[in-house]
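Per our numbering, the sequence shown starts with residue 184, numbered consecutively. Don't be surprised by glycine CBs; every beta carbon is placed ideally from N, CA and C. Remember, it's a predicted structure, so these values are computed and weren't measured experimentally.
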Amino acid sequence: MKCNIISKFFFYAITLVVTFANGSNAEPNKLSRRAYDEIISGKDYMIVSQLSGKYITVGNNGNIHQWEKLSDTSSQVWRFESAGSGKFAILSGKMALTVENGNNKNGNKMILSQYQNNAAQRFIFHKTDDVYDNYYITAECSGNAALDVYDQSYDNGANIDQWDYWGGDNQKFYVIPVGGSNNSSNNNSNVNGAFLFAFFQGNAPEKEQLSYALSTDGYHFNILNYGRSIWKSNVGTGCIRDPFILKGQDDYYYLLATDMKSYLGWDSNRNILTAKSKDLIHWNDVTSIEIANKYPLTQAADRAWAPQAIYDPEKKSYMIYFAVRTPGNGNKTIMYYAYSKDMKKLDTAPALLFAPRNGNEAIDSDIIFQNNKYYMYYKDETKKTICLATADHASGPYQEIKQLSDRGIEVEGCNIYPVVGTNKWLMMSDAYVNGYFVLQETTDLVNFRTLDRKTYGFNFTPRHGYVIPISNNQYNDLLSAYPTNGISPLPVSNSASNNNSQQGSQDQNIDYTYPYCKTTSDVVYTDTMEWGVENNEWCIIKSHSSATCQCWAKKLGYPCCTDNTVYYEDSDGQWGIENNEWCGILKC
């Protein structure tokens, strides 16, 4: 739709009209009754770039740009008010955020103009599939062009413009209610989120299992389950090392690990392990993927170490990468990769991913995609240091950039993760000779500052692992499943959580996305509820007969759900979506 061209006004006030896209397959007109209550009319919000952690701000010249959080946040706090028909205005006076030139041209800046409620001032917030509740934002007049931090910049003052949406972190934004929860179904009240650290604890078989620790700031971690492991492999060697967790395109979590029992020798492992989970608690589809001797380049391989994965949009598949040593590569341990669509088998034969130009060995790679490029952090196994290489494509070729770790400290098992709400990233690595972990901080992913050990801490001694961000609800679910001393639950909304909580009784909320069992009543596992298995998937065994459940939604003219996935909750009850219509979750 072509937009009217709007005259520019430079004031400090902003008004932004937005529409929230639910992200389901249901038709918008059928869902509009309940889809827009996530934003509370009359409440203040801040909008934060996922890329930089900086706040969309009104500059002194009226320009719309990003800036670090100010002591006086008046130019960064926006008031949301209902504009009718499921739209909201974000107010600071009577001015509106407007698409410059009022069309879908790439590079149009966001400007201020008098609020006229036109197509250049009405924005749609599209939920992304990331861990946190963030959005990409398009104007009604802009088609697929989304709000964008210019030049993928981390700098204060970088303009906010629009560009065709391609999924970069510079096009994703957190919507943060000022002063805590907005009682929405998807709000995490902790701006910085929470963190899960998955790791193993040592070289004995009972230590070569999956362990968990939690953090609320990314710097201080507390082990769960009173220091015991939380999961043991039942395939291959029965032991795992170097666990890695990825949230997949299908919203499942995938675990990859070295399938290895170290007392059999460092050259004893031939396979990698994968598993799948919806909630980070129940792992299924556990698979041992054969690497050695099955493919031309891995004949006589005696190791397949530290597997990780990244989704490659160019190939529409996951790229699994790992370190291999074979006689064919000069008996050097270097990085290989293969593609997999289901994370249970390799769809392509392993190929060489990266080997240092100087002939050194390379292991323990961690690859992320930022700034329209791939960053590979890896251990130079010869020098025992952490180094960086970059590439334009996931599968390379990778160009060596620099050494990152300090001289004199042997480190391995690096992993890098963002501190949400800031422009900082943390890289964790295992100083395995010294018996502690090193934490380094960066804002540009290239230049790192090693932190004083007094500024971070672990109440345990981890080995190689991986940190991922999680929601407050997930934090509490993990704490409930694996309790320990000295950790308190995080505050969460009373509404339906990101985990699609299902009311299983009048006094207990079940924060799982699994369906009720339809054909079985056989209990195969018990924790806070009873679990069965149907079609090789977990299901919840109802503790109450459906005859005692209340189909309350019929009184409001809606059907009752046959499943228990919660999309929304209000004073009436919890709501699901089936056959493109709202339905009420049974109260049992």
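Residues of the same chain with a CB within less than 8 Å of the CB of W449, apart from the 5 flanking positions on each side, are R486 in chain order. Per DSSP, the continuous beta strand (DSSP E) segment holding Y436 begins and ends at Y436 to D442. A check of alpha carbon separations from I230 across W488, R262, Y522 and L661 identifies R262 as the nearest. Burial is judged here by how many other beta carbons sit within 10 angstroms of a residue's own beta carbon; H248 has at least 16 and is buried. Around the beta carbon of H647, 16 or more other beta carbons sit within 10 angstroms, so the residue counts as buried. About 4 Å separates the CB atoms of P490 and L439; that is less than 8 Å, so the two are in contact. Counting only runs that start and end inside the stretch 491–552, the beta strand (DSSP E) elements of at least 3 residues fall at 500–508, 516–523 and 534–537. In this structure, the straight-line span from the alpha carbon of Y615 to that of G591 is close to 13 Å. With respect to the C-alpha of D352, the residue from S232, E717, G618 and K637 having the closest C-alpha is S232. The DSSP-derived three-state label of T256 is helix. Residues of the same chain with a CB within less than 7 Å of the CB of N555, apart from the 5 flanking positions on each side, are Q335 and G351 in chain order.
Q354 counts as buried, since at least 16 other C-beta atoms from the protein chains shown sit within 10 angstroms of its C-beta. Looking at the DSSP output, C766 bridges to G759.
Judged by their CB atoms, Y519 and D530 are not nearer to each other than the 8 Å cut-off.
With a cutoff of 8 Å on beta-carbon distance, Q582 and A572 are scored as near each other.
Restricting attention to P742, T644, T633 and C722, the CA atom closest to the CA of G410 is found in T644. According to the DSSP assignment, Q335 belongs to no beta strand (DSSP E), since it is labelled neither H nor E.
Every beta strand (DSSP E) stretch that sits fully inside the stretch 374–459 and reaches 3 residues is listed by chain position as 377–382, 394–398, 403–406, 423–430 and 436–442. The three-state secondary structure of L480, taken from DSSP, is helix. Excluding residues up to 5 positions away in sequence, G290, N291, K292, M293, D331 and Y333 lie with their Cβ nearer than 7 Å to the Cβ of D344 in the same chain.
For Y699, there is no enclosing beta strand (DSSP E), as DSSP marks it with neither H nor E. Per the C-alpha coordinates, the member of A492, I651, N514 and P510 positioned closest to Y504 is A492. Contact annotation: E544 and T568 have beta-carbon atoms that are not nearer than 8 Å.
Secondary structure of L295 (DSSP, three-state): strand. E283 has its alpha-carbon roughly 11 Å from the corresponding atom of C324. The beta carbon of K607 sits closer than 8 Å to the beta carbons of G236, P601, E624, T625 and T626 from its chain, once the five residues preceding and following it are set aside; these are given in chain order.
Put simply, the backbone Cα of A484 is about 10 Å away from that of N454. In the DSSP assignment, A322 falls within the unbroken beta strand (DSSP E) covering N317 to A322.
Looking at the backbone, the Cα of W721 and that of Y699 are separated by about 9 Å.
Counted as a single uninterrupted DSSP element, the beta strand (DSSP E) harbouring Y558 occupies residues K556 to D563.
In this chain, the beta strand (DSSP E) harbouring Q623 covers Y619 to T625. Each residue's CA atom was taken as its position, placing D255 and G419 some 57 Å apart.
Taking C-beta atoms as the reference points, T281 and Q304 count as a pair closer than 8 Å. Exclusion of the five residues before and after Y228 leaves W261, F263, I273, V358, I359, P360 and V361 as the residues of its chain whose Cβ lies within less than 7 Å of its Cβ. Bridge partners of C744 according to DSSP: none are assigned. Closest in C-alpha terms to A506, from the list N417, L536, N668 and D575, comes L536.
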